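J.: Note that the numbering used here gives residue 50 to position 50 of the sequence shown, counting from 1, and the numbers run on in steps of one.
Don't be surprised by glycine CBs; every beta carbon is placed ideally from N, CA and C.
Keep in mind it's a predicted model, so treat the numbers as computed, not measured.
Encoded as structure tokens, here's the structure I'll be asking about.
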Amino acid sequence: AGDSISPNNTELSNKKPFYTQKDITIFIYTPDNQIVTTKIGFIEYDEAHGYFTGTVNLGPDIPSGNYIVKIKVPSYLQKRIPVIQRINNLTQIRFPAQTLVAGDLNNDNVLNILDFNTLMGCYADILQANFCDFEKQDKFDLSGDNRVNILDYNLLLREMFSPNGD
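And the structure:
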């Protein structure tokens with residue numbers, strides 16, 4: 001669910017999010033890094049286990065073979081699955097669990113001052129920020145508590161020490 005610096009801490013992270021579903025994009029590359037396909041799906045929060053899971057249909061057009069797989073969830077850095085994945089056409093594969101780095105609010109695959117400034121544009125501990133509509137608030141709510149506040153600020157600062165996306 002994010003918080004790569006403190007993956008087992010439920011007090012200061014987003015392990016109990018208000019939202020239960022997120023978009024996910026799967027990028028499939030050949031071993032020499034040529035894009036084969038991009039597929040979009042959904043992942044759902046599994047409260048019993050404390051993480052998101054889901055199934056994305058890659059379709060029948062991918063030939064069986066070895067591939068590099070990268071995943072991207074909005075507001076998180078893109079992550080490469082660490083090993084080459086064997087994909088057999090029309091069979092289900094299970095990727096190993098991944099910890100994503102939260103905070104890529106402008107989706108440039110880098111955590112920096114631009115993401116911090118974006119978060120601060122919606123930050124409000126007491127009153128709702130005047131220029132932060134529901135769509136922005138939903139996107140910038142890194143902690144999953146349905147508000148953009150000190151929890152999101154702290155999570156973004158902790159994640160700033162993580163490497164950039166793959």
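At a cut of 8 Å, does the region 65–82 reach the region 18–38 through at least three beta carbon pairs?
T.: Taking 8 Å as the limit for Cβ pairs, the verdict is that the region 18–38 does touch the region 65–82.
J.: Closer than 8 Å by C-beta to residue 36: which residues in its own chain qualify, once you throw out the five before and the five after it? Chain order, please.
T.: For residue 36, where only same-chain residues beyond five positions count, the Cβ hits under 8 Å are 28, 29, 30, 62 and 67.
J.: Give the straight-line distance between the Cα atoms of residue 48 and residue 42, rounded to the nearest whole angstrom.
T.: About 18 Å.
J.: So, does the region 144–160 touch the region 112–119, judging by three or more C-beta pairs under 8 Å?
T.: Taking 8 Å as the limit for Cβ pairs, the verdict is that the region 112–119 does touch the region 144–160.
J.: Classify residue 64 as buried or exposed, calling it buried when 16 or more other Cβ atoms lie within 10 Å of its own Cβ.
T.: Its Cβ having fewer than 16 others within 10 Å, residue 64 is exposed.
J.: Beta strand (DSSP E) containing residue 86: first to last residue?
T.: That run of the beta strand (DSSP E) goes 85–87.
J.: Hey, which unbroken runs of the beta strand (DSSP E) at 3 residues or more fall wholly within the region 24–81?
T.: Segments of the beta strand (DSSP E) lying fully in the region 24–81: 35–46, 51–53 and 65–72.
J.: Among all the DSSP beta bridges, which residues are the ones paired with residue 22?
T.: In DSSP, residue 22 forms a bridge with 43.
J.: Quick one: residues in its chain with C-beta nearer than 8 Å to the C-beta of residue 173, no 5 flanking neighbours on either side, listed in chain order?
T.: Residue 173 is absent from the model: the chain starts at 1 and stops at 166.
J.: What is the DSSP secondary structure of residue 104, reduced to helix, strand or coil?
T.: In the structure shown, residue 104 sits in a strand (DSSP, three-state: E or B).
J.: Answer yes or no: do residue 44 and residue 59 have a C-beta to C-beta separation smaller than 8 Å?
T.: No, they are not a contact pair.
J.: How many whole angstroms separate the CB atoms of residue 104 and residue 77, which I take to be in contact at a CB cut-off of 8 Å?
T.: Right, the Cβ-Cβ distance comes to about 5 Å (below 8 Å), so this counts as a contact.
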